[in-house]
C-alpha cells in the first residue's frame, strides 16, 4: 500500500472529509422541516422580511442558513410541487419537488463560495435557488450565470415562481436590451439570471458609457455559475472584446492569396512524392531508416496526408518514424529535415511556418520581400547624420516607421493566409453561409454567430474561401473571464464534472471543489473503449451497435465531436435504414426539446458531445414536452391553460411515458455511444453522465480509431506500438487497459497544454487588469461626478509638475534651467505669463517654482469657473475628461496588442516575453497617464466664453466623425455632443471574435433644429480637434 493510499485509508478521502463537514449543517436544516411545514403561506412569506431584520440586527448569513434553506425547501414543495406527496421506493412518501438532502448539501457548498460537483440529473437548478435566496437577503444582488439564453430564461421563470412567492424580485438579462432601462431594472432585482457573455459585456459597456443613466450594473456581489467548468475553463481561452472598425485596406490578403496558394499546392505535390519514395524504399528492404526519415519529413509537411496516415498504421512504421524523430531531436538537427519543405506544420501548437524554400517561392524575384528594416539601426543612422535638420530627421524617421509597419503587416498577412490554408478546415473549424465565414465551437459544434478570429486570421479565411473580406477591427474594451469573475466578492459554481480541473480552479480562481454524493446509487455500466485501425472500421461497428439497440427498443444517444462527423454518421444510418434524430444546435430551445426526448423507447439521437447541457434525459420521454407539442398541433396555447386544464390534458401523456419508462429501464436504460475521445477527459465524462441519472440503469461505450485527431496528433505512435504487440489485424477490435491508459495519458497532455494556454492568457491580461481597474475607476468617478473639480485640479497639477521636471533637470537652481522653453510651455498650456527675476536665478528651487506657477494657474482656473458658473464648468469637464480617456485608452489598447505580438519574438534573444511585456506595458501606461493629464489640461485652459448674437438657426448639417456629431451653426461655432457608443454583445474568438461598433448612420434621420446657444465652448483653430482624430481643429471639424 502506497503512503498516499494509507493516509486515505487512515483519514478518509477528500470527498469524505468535505461531506463530513457539511452534515452537521444539513442536520440543522432537516431539524426545522416540521416546524416550517406548519407555517401558513403568509407566515412563510413573512420569513423573508424577518431574515432581513435579523441581518440588520447583526446576525450573519451563516446564522440564517438552516432556517432560510428550510423555508426555500418548503416553498418549493408548495409552489412547484403543488403540495403533492409522492412515493419514493426507498424513502416512502415524500413531499414532491422538495429538496433532497444532497441538494441541500450542494447549496451549502455554493454558499461557502466553492464548486459543487453534482452528477447529471441531481437537480442543480434547485440547488442554486437555495443559495441565491439566502445571499439575496443582504440586498446586494445575486447573479446566476448560465451557458445559454434558453437556460437563463427557463430557470428565471421556473425558479422565479419560488422567489416571488417569498417576496424577492427576479430579473433575466437575456429578455432585455443592452443599455436599456429594462436591463438596469433586471440588475436591480434581488436575483438576476443571464449568460456569462451578457454579464461580461455589460461590465465593458458600462465602462464606455457617456452618462450615468447608461450604466446598468451595480456592485458585483455573488455569482453562482452553472456549468462552471464550461464557463471558467472552456471559455477562458476566449477574451471578451468590444471593438470598432479600423480604416485599413484588406487588399493585401487578396493580392497575396495566389502566392500562398501556390506554396500550399507545391507542398501537397511534394509530400505525395516523398511518401511514394518512402514506400519504394520500404519495398527495397534494408533502407528502413531512410524510409522513416522520408515519412518524418512528410509528416512535418502535411500530417493529414491520407496515404501517410495509412502507412503509419502499418505494423512497425509509426515506431520507426518515432526513432528517427528522436535521433534528429537529440542531435539538434531537426531543421535539416525541413530544408526540403516549403513550410512546416505543428498541429499540437496549431502553427505553420514557412521555410527558406517557401519564402523564396512566395517572394519570387523580390529578394527583400521578407526583409524588415532594423528600426534601431536606421534611426541611429538618421540621428548621427549632422547634415540633416530636425525637421528632415523627423520626416525620415516617419518613413522608416512606415516602411517597417508595411513590411511587418505583409509578413503577418502571409503567415495568417498560410495558417488558414494549412490548419483550418471548412465544415470542421468553420462553415461558409450566406457569403460569410462562421466559426464552429470546438466543444459543442454550434455555429458561433457574430464571432470573428482576430489578428487578420478571419480575413485570411475569407480570402481563402473567396467571400467578401470584412474590415479589421480595433479593440475598444476587453477583459478575460478569469479577471471578470475575480471582481465578484464571492463566486460559486456547479457542474457534473469539475474534479479533473480541480487544480486549475484552485490556482486561477482560488475555488475549492466539493464532490456531492448522488441521491441514489449509480447503476451505469461504463464499457471499455473499442479501438479500430481506421475510421471505416470504427463507423461500421458504431452503426452495428446502434442497429442492435434499435431492434430491441433501447434508446441510444450518440456523441460526436463536430458537425461534419454528425452528418457523416447520419448518412451511414440512413443507408442502414435506421430512423434517427440529428441535433441541430443552432436553437437552444429546440436543442433542449430534442435532448429531453432522447430517452424515449427506440429513440436514436445524434448530438455533439456538449449539446443540451442543463437538460435532463428522462427514460421513456418527457410527458410535458410531448403534451405541449400535441396541444400546439391542435392550435391550443399551453401557456393560456390553467393548472387544472393541464392536469387533465397531460394525464394521457403521463401514463404513456410512465409505461415507457418501465420498459426502457427493463432494457437497460439509455445507451451512450461516443464516436471518439475528446481532447479533455471532462467532456467525455459529461457525455457519460447523460446516462444513469437518479439511479436509473444505463451504459456507455467509446469507439475509437487511429485516424482520430487525438490519437493521431498526441498518441498514435505509442498506441500503434501497443496494438502491434497485441497483434491487431485489419478490421479487428482492440479493447485493452494498456490502450485505454495510453489514451488517458494523451488526453492529460492536451489538457496540460490547454491549461498553459489559459494561464498564458491570464498572465498577460493580469498586466492589463491593473491598468484597466485604474482607468475604469477614474472613468467611473468622472462619470458620476465624484469630486470632479478635485480630480481636474489633480490632473492640472500633474501636468505642471511634469513640465517643470522636464525643463529643470539640469541643475538645482534656475540659472541651469531651460527657462525660455519653460516660459513658452507655461504660456501655451495654461495661458499665463511667468518669469523668474534675475535676483532669484541662483535661489529659486523647483518647489518654489511650482508653488509660484500653481497660484497663477489656479487663479486662472477659478476665474474661468466664475465666468462660466460651476454647473457649466462641470459639464464641460466631464465631457472633455471622458473623451480624452476613451480616445487615449483605445490607442493604448491598440499599442498593447502590438506589444504582446512583438514581445513573443524576444524569446529568441533569451528574454522572457512576459517580463518584457510587463516592463514595457508599465512604461506605456505611465505615458498614458501623462497624456491624459496633458490633454485634459490643454482643453480646460483653452475654454473661452463666446457671446453670440441671436439669429435664426439653419437646419444643422451632421458630420459623423469617430464618436462625435458636430452640428455647425450660425457664426461658425460648433457644439459637440458625444454620440452613444454602442457595441453588439458579441464575444471575440482567440480564438477571438469581435463585435463591430455601431454608430449613427449618415443617412439616418436628421436631428431637430437647435436653439441659439449663447454660452458655447470655443476650441482654438490650432488646437487638437475634440473628436480625437489627432488633427488640428481647423483641418478637421473647424474646416
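Residue numbers (this note's numbering): 13 to 1051. Built from N, CA and C at the ideal position, the CB exists for glycine as well.
Quiz prompt | Exposure of residue 901, with buried meaning 16 or more beta-carbon neighbours within 10 Å | solution = Burial is judged here by how many other beta carbons sit within 10 angstroms of a residue's own beta carbon; residue 901 has at least 16 and is buried.
Exercise. Put residue 107 into one of helix, strand or coil per three-state DSSP.
Key: If DSSP states are grouped into helix, strand and coil, residue 107 belongs with the strands.
Exercise. Would you mind working out which of 671, 310, 87 sits nearest residue 286, comparing C-alpha positions?
Key: If we check each option's Cα against that of residue 286, 310 comes out closest.
Quiz item: How far does the beta strand (DSSP E) with residue 448 in it reach, from first residue to last?
Solution: For residue 448, the uninterrupted beta strand (DSSP E) segment begins and ends at 448-452.
Quiz item: By how many angstroms is the C-alpha of residue 527 removed from the C-alpha of residue 630?
Solution: Those two C-alpha atoms are separated by around 23 Å.
Quiz item: In three-state terms, what does DSSP make of residue 537?
Solution: Per DSSP, reduced to three states, the secondary structure at residue 537 is strand.
Quiz item: residue 872 and residue 843 look like a contact to me (Cβ under 8 Å); what is the Cβ gap, rounded to whole Å?
Solution: With a beta-carbon spacing of about 6 Å, residue 872 and residue 843 fall inside the 8 Å limit used to define contacts.
Self-check item: Cβ shell of residue 912 (< 7 Å), same chain only, five flanking positions each side left out
Solution: If we look at residue 912 and ignore the five residues flanking it on each side, its Cβ neighbours are 776, 929.
Quiz prompt | Beta carbon of residue 167 nearer than 8 Å to that of residue 137 | solution = Yes, the Cβ-Cβ distance between residue 167 and residue 137 is below 8 Å.
Exercise. Give the secondary structure of residue 609 by DSSP, where H, G and I count as helix, E and B as strand, and everything else as coil.
Key: In the structure shown, residue 609 sits in coil (DSSP, three-state: anything other than H, G, I, E or B).
Quiz prompt | Touch test, the region 675-688 against the region 700-720, Cβ-Cβ under 8 Å, three pairs minimum | solution = Touching, per the Cβ criterion.
Quiz item: CA-CA distance, residue 943 and residue 338?
Solution: Each residue's CA atom was taken as its position, placing residue 943 and residue 338 some 54 Å apart.
Quiz item: Where are the alpha helix (DSSP H) runs, 4 residues long or more, that stay fully inside the region 642-693, in chain order?
Solution: Listed in chain order, the alpha helix (DSSP H) elements of length 4 or more contained wholly in the region 642-693 are 655-679.
Quiz prompt | Buried or exposed (CB count within 10 angstroms, at least 16 for buried), residue 155 | solution = Around the beta carbon of residue 155, a 10 Å sphere encloses 16 or more other beta carbons of the protein chains shown; the residue is thus reported as buried.
Exercise. Taking only the alpha-carbon atoms, compute the straight-line gap between residue 250 and residue 445 and give it to the nearest angstrom.
Key: Roughly 23 Å between the two C-alpha positions.
Self-check item: Beta-carbon proximity check, residue 607 vs residue 592, cutoff 8 Å
Solution: Not a contact, by the Cβ cut-off of 8 Å.
Exercise. Please confirm whether residue 613 and residue 565 have their CB atoms less than 8 Å apart.
Key: Between residue 613 and residue 565, the CB-CB gap stays under 8 Å.
Quiz item: Among all the DSSP beta bridges, which residues are the ones paired with residue 571?
Solution: DSSP lists 619, 686 as the beta-bridge partner residues of residue 571.
Exercise. Please report the Cβ distance between residue 936 and residue 908, rounded to the nearest whole angstrom; I am assuming they are in contact, meaning their Cβ atoms lie under 8 Å.
Key: Yes, residue 936 and residue 908 are in contact; Cβ-Cβ is about 7 Å, under 8 Å.
Exercise. Evaluate the contact criterion for the region 687-694 versus the region 566-578: three or more CB pairs, one atom per stretch, below 8 Å.
Key: Judged by Cβ distances under 8 Å, the region 687-694 makes contact with the region 566-578, as three or more pairs qualify.
Quiz item: residue 993 to residue 932, Cα distance in whole Å?
Solution: Below a pLDDT of 50, predicted positions are generally treated as unreliable, and residue 993, at 34, falls in that range; no measurement from the model is reported.
Exercise. Check whether the Cβ atoms of residue 374 and residue 271 sit closer than 8 Å, and answer yes or no.
Key: Yes. Within cutoff.
Exercise. With a 10 Å radius around its C-beta and 16 neighbouring C-beta atoms as the bar for buried, classify residue 474 as buried or exposed.
Key: Residue 474 is buried by the Cβ-count criterion.
Quiz item: Where DSSP assigns a beta bridge to residue 364, which residues make up the other side?
Solution: For residue 364, which the question treats as bridged, DSSP gives the partners 357.
Quiz prompt | Where the beta strand (DSSP E) containing residue 465 begins and where it ends | solution = No beta strand (DSSP E) contains residue 465, which DSSP labels as neither H nor E.
Quiz item: Which value, in whole angstroms, describes the spacing of the CA atoms of residue 94 and residue 659?
Solution: Answer to the nearest angstrom: the Cα atoms are 12 Å apart.
Exercise. Enumerate, from N- to C-terminal direction, the unbroken alpha helix (DSSP H) stretches of 4 or more residues contained entirely within the region 16-76.
Key: Taking only runs of at least 4 residues, the alpha helix (DSSP H) segments lying wholly in the region 16-76 are 26-43, 45-49, 53-68.
Quiz prompt | C-alpha gap between residue 550 and residue 453, whole angstroms | solution = So the alpha carbons of these two residues sit roughly 24 Å apart.
Quiz prompt | Range of the contiguous beta strand (DSSP E) that encloses residue 709 | solution = Residues 709-717.
Exercise. Check residue 845 in the structure and name its three-state DSSP category.
Key: Per DSSP, reduced to three states, the secondary structure at residue 845 is coil, with no helix or strand assignment.
Quiz item: Once you ignore the five residues that flank residue 479 on each side, which residues in its own chain have a CB closer than 8 Å to its CB?
Solution: Scanning its chain for C-beta atoms nearer than 8 Å, with the 5 sequence neighbours on each side dropped, one finds around residue 479 the residues 444, 447, 448, 449, in chain order.
Quiz item: Could you check where the alpha helix (DSSP H) with residue 759 kicks off and where it finishes?
Solution: Residues 749-795.
Quiz prompt | Cα-Cα separation, residue 507 to residue 949 | solution = Each residue's alpha carbon lies about 52 Å from the other.
Practice problem: Compare the Cα-Cα distances from residue 52 to each of 350, 638, 177, 143 and report the closest residue. | Solution: Measuring from the Cα of residue 52, the nearest candidate turns out to be 177.
Quiz item: Which same chain residues, not among the five before or five after residue 27, have their C-beta less than 6 Å away from its C-beta?
Solution: Correct list, in chain order: 527.
Quiz prompt | For residue 97, three-class secondary structure by DSSP | solution = Under the three-state reduction of DSSP, residue 97 is assigned to strand.
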